[in-house]
Ligand SMILES: [Ca+2]
Ligand SMILES: [Ca+2]
Ligand SMILES: [Ca+2]
Ligand SMILES: [Ca+2]
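In this note's numbering, the protein residues as written are 139 to 775.
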């Protein structure tokens, strides 16, 4: 799948860039024909109009600055028409982020440094807001254009690359971008402060755009950032969904399908981060209705809802989660996942495997008739994100971890259990096998794909040596009969991403079994042996006591974690010291910390208490005492 995106992207990017280039720069000195930076158009609409009747492919380069869809050379002050929109065109790539005439090299490109904004604020009067939940009723937005960009009627050769889309505002779907039967390619764009009834940032109706490397921040609507309906099957790869809010229905970041709106939305979501999205309804990050999203290598954290802090599946929905992390989301019901039924005929399901889900299987909210398919390899443990405050969801590692602030590989004092814990049969994708500072893998080793948004990417953390085991299919830290059972289930299966396909050649056979055999009965380094019980102490009669009554009973203070006590007792000190079960001096195994011996007068006895737990035995020290010379002659204990 990852390879597909790369090929797809390169193909069309290359094709489009071989055609003629049209230039746009709002700072161009005069109204021009767009043939060079010096002769650049001032308005994006002029370039689109030119491209529309030109021989394809065409590339449009847009310099930094702000562009509105109602402005053109014919209407330099804008028409104020709320229906104005930037309509994408097949075989036309529109690229923002150029330095333009403001810099010595106008072709210098950096989409963040030379931000190129497509804005729906036609009257330039939008009030600044702190909370995206306030956009909907904000009067200064009522005059904004409805869809900043429209991709309707396009295919993947219509490409938008490197823009900020902002201030779209509509009581219909798709404030930032609306696609009706259109499947454009959207790369490296930022959707922010857009608002719509459905899909504040983007709405897809019978549309399957490919959305790569985009961020959706602080958009609002039913489905705060994105709504997918009408059997749309868009692809979201390497995207970030941050602080979006669903004002109704739910899906702080994404709403797939909705009964009042139309059929289903079945997106493929890979390597995406969902953080800080919220709704006081259902699905902090994602709401699914009659929909089947496929979610792979994604991280959900700090999303919030009334039900389903991360994901809410309703009415005949079934999502498939693999290699994901759902941690730190909150809801009254179903902190991470909630499954709701419309009625008994339309239950919903979710399939989860090789994922780290807070609360685990038990905390999934499940209504009557709904089912959780809890697959192999799920774990529940602190994912050890680098920093929650700055939302750095890279995974800490004592091997190597990508530091996004310094753009270099560093290491931490702990290692995330999500590293090398993804599906063993999944290709590593873009994960590095080594880092430049460690070409021979002295400090790290990459065996399997990681869980979370950076799994399968060039920024995937590398664990220390022997951190995980290739054949630990159950992710419990050892390779044993549980893994063998999974292996048996997969035996002779063919196809991608079978967990037991350890050499990842699409077939589970003897070659994989040999790899599994290498790991047989091995233990991952992170498996810490449970503590043995503490030693028994505080003997009674006290160690070395004399003149002890022959009716005395032995007592001691049990060691912490001890479940039972092996009592060794006799008159030969070295026998008691060295005895192991079975032995004549092993006189009792008891859960009580008391033993009633038969004692003779004037005799020295030796005893030892071993504390026993399921994890092992802690041998005690040898104590001794001596009994009194005659009945009644000693101290009554
Ligand atoms: Ca406005
Ligand atoms: Ca890995
Ligand atoms: Ca295992
Ligand atoms: Ca194989």
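Quick reminder that beta carbons are idealized off the backbone N, C-alpha and C, glycines included.
Owing to the predicted nature of the structure, the values given are computational and were not obtained by experimental measurement.
How many angstroms separate the CA atom of residue i from the CA atom of residue j?
{"i": "residue 527", "j": "residue 319", "result": "39 Å"}
{"i": "residue 762", "j": "residue 692", "result": "11 Å"}
{"i": "residue 608", "j": "residue 601", "result": "13 Å"}
{"i": "residue 725", "j": "residue 707", "result": "6 Å"}
{"i": "residue 150", "j": "residue 325", "result": "Low local confidence applies: a pLDDT of 49 at residue 150 is under 50, so the model's placement there is unreliable, and no value is given."}
{"i": "residue 193", "j": "residue 160", "result": "12 Å"}
{"i": "residue 176", "j": "residue 545", "result": "36 Å"}
{"i": "residue 623", "j": "residue 567", "result": "27 Å"}
{"i": "residue 375", "j": "residue 652", "result": "35 Å"}
{"i": "residue 462", "j": "residue 599", "result": "15 Å"}
{"i": "residue 128", "j": "residue 223", "result": "The structure shown does not extend to residue 128, since the chain is modelled only from 139 through 775, so no value can be given for it."}
{"i": "residue 184", "j": "residue 368", "result": "32 Å"}
{"i": "residue 596", "j": "residue 272", "result": "38 Å"}
{"i": "residue 394", "j": "residue 655", "result": "44 Å"}
{"i": "residue 431", "j": "residue 340", "result": "17 Å"}
{"i": "residue 287", "j": "residue 233", "result": "14 Å"}
{"i": "residue 483", "j": "residue 444", "result": "24 Å"}
{"i": "residue 606", "j": "residue 756", "result": "30 Å"}
{"i": "residue 558", "j": "residue 618", "result": "18 Å"}
{"i": "residue 252", "j": "residue 305", "result": "19 Å"}
{"i": "residue 451", "j": "residue 354", "result": "22 Å"}
Using 7 Å as the cut-off, classify the Cβ of residue i as near or not near the heavy atoms of ligand 4, replying yes or no.
{"i": "residue 237", "result": "no"}
{"i": "residue 645", "result": "yes"}
{"i": "residue 639", "result": "yes"}
{"i": "residue 649", "result": "yes"}
On a CA-only basis, which of the options is nearest residue i? Give me that one, please.
{"i": "residue 497", "options": "466, 597, 505", "result": "466"}
{"i": "residue 732", "options": "286, 721, 695", "result": "695"}
{"i": "residue 434", "options": "588, 193, 643, 169", "result": "588"}
{"i": "residue 387", "options": "358, 412, 407, 376", "result": "358"}
{"i": "residue 645", "options": "687, 655, 629", "result": "629"}
{"i": "residue 169", "options": "210, 610, 572", "result": "210"}
{"i": "residue 256", "options": "278, 285, 403", "result": "285"}
{"i": "residue 414", "options": "394, 396, 447, 406", "result": "447"}
{"i": "residue 245", "options": "178, 403, 369, 368", "result": "178"}
{"i": "residue 552", "options": "280, 195, 520, 492", "result": "520"}
{"i": "residue 729", "options": "712, 749, 249, 292", "result": "749"}
{"i": "residue 740", "options": "683, 438, 525, 723", "result": "683"}
{"i": "residue 457", "options": "468, 405, 716", "result": "405"}
{"i": "residue 781", "options": "710, 709, 704, 711", "result": "A query on residue 781 cannot be resolved here, the shown segment of the chain reaching from 139 to 775 and no further."}
{"i": "residue 744", "options": "621, 755, 752, 679", "result": "679"}
{"i": "residue 279", "options": "424, 727, 260", "result": "260"}
{"i": "residue 492", "options": "347, 593, 758, 509", "result": "593"}
{"i": "residue 238", "options": "477, 323, 165, 742", "result": "165"}
Just to check my reading of the structure: residue i and residue j have Cβ atoms closer than 8 Å, yes? What is that Cβ distance to the nearest angstrom?
{"i": "residue 296", "j": "residue 198", "result": "That belief does not hold up - the Cβ atoms of residue 296 and residue 198 are roughly 11 Å apart, past 8 Å."}
{"i": "residue 515", "j": "residue 561", "result": "7 Å"}
{"i": "residue 378", "j": "residue 350", "result": "12 Å between Cβ atoms; not a contact."}
Sorry if obvious, but does the Cβ on residue i come closer than 7 Å to a heavy atom of ligand 1?
{"i": "residue 278", "result": "yes"}
{"i": "residue 613", "result": "no"}
{"i": "residue 261", "result": "yes"}
{"i": "residue 282", "result": "yes"}
Below 7 Å, is the gap between the Cβ of residue i and the nearest heavy atom of ligand 2?
{"i": "residue 427", "result": "no"}
{"i": "residue 747", "result": "no"}
{"i": "residue 558", "result": "yes"}
{"i": "residue 632", "result": "no"}
{"i": "residue 539", "result": "no"}
{"i": "residue 324", "result": "no"}
{"i": "residue 569", "result": "yes"}
{"i": "residue 673", "result": "no"}
{"i": "residue 587", "result": "yes"}
{"i": "residue 596", "result": "no"}
Is the beta carbon of residue i within less than 7 Å of some heavy atom of ligand 3?
{"i": "residue 264", "result": "no"}
{"i": "residue 621", "result": "yes"}
{"i": "residue 519", "result": "no"}
{"i": "residue 710", "result": "no"}
{"i": "residue 657", "result": "no"}
{"i": "residue 490", "result": "no"}
{"i": "residue 610", "result": "yes"}
{"i": "residue 661", "result": "no"}
I want to see whether chain D comes within less than 8 Å of residue i, judged by CB atoms only; does it?
{"i": "residue 163", "result": "Judged by its chain identifiers, the structure shown contains no chain D, having just a single protein chain."}
With respect to 7 Å, is the separation between the Cβ of residue i and the closest non-hydrogen atom of ligand 5 below this value?
{"i": "residue 477", "result": "This structure lacks ligand 5; the ligands present are ligand 1, ligand 2, ligand 3 and ligand 4."}
*What are the uninterrupted segments assigned as alpha helix (DSSP H) that are 4 or more residues long and contained completely in the region 599-677, given in chain order?*
619-628, 648-657
_To test your reading of the DSSP string, which unbroken beta strand (DSSP E) runs of 3 or more residues are found completely within the region 444-475?_
449-452, 456-460, 468-471
*Complete runs of the beta strand (DSSP E) confined to the region 187-227 [at least 3 residues]*: 196-201, 203-205
*Mind pulling the alpha helix (DSSP H) runs of 4 or more residues that sit fully within the region 704-763?*
You should have 711-716.
_Suppose only complete runs of 3+ residues qualify. What are the beta strand (DSSP E) ranges in the region 403-430, listed by chain order?_
406-408, 411-413, 424-427
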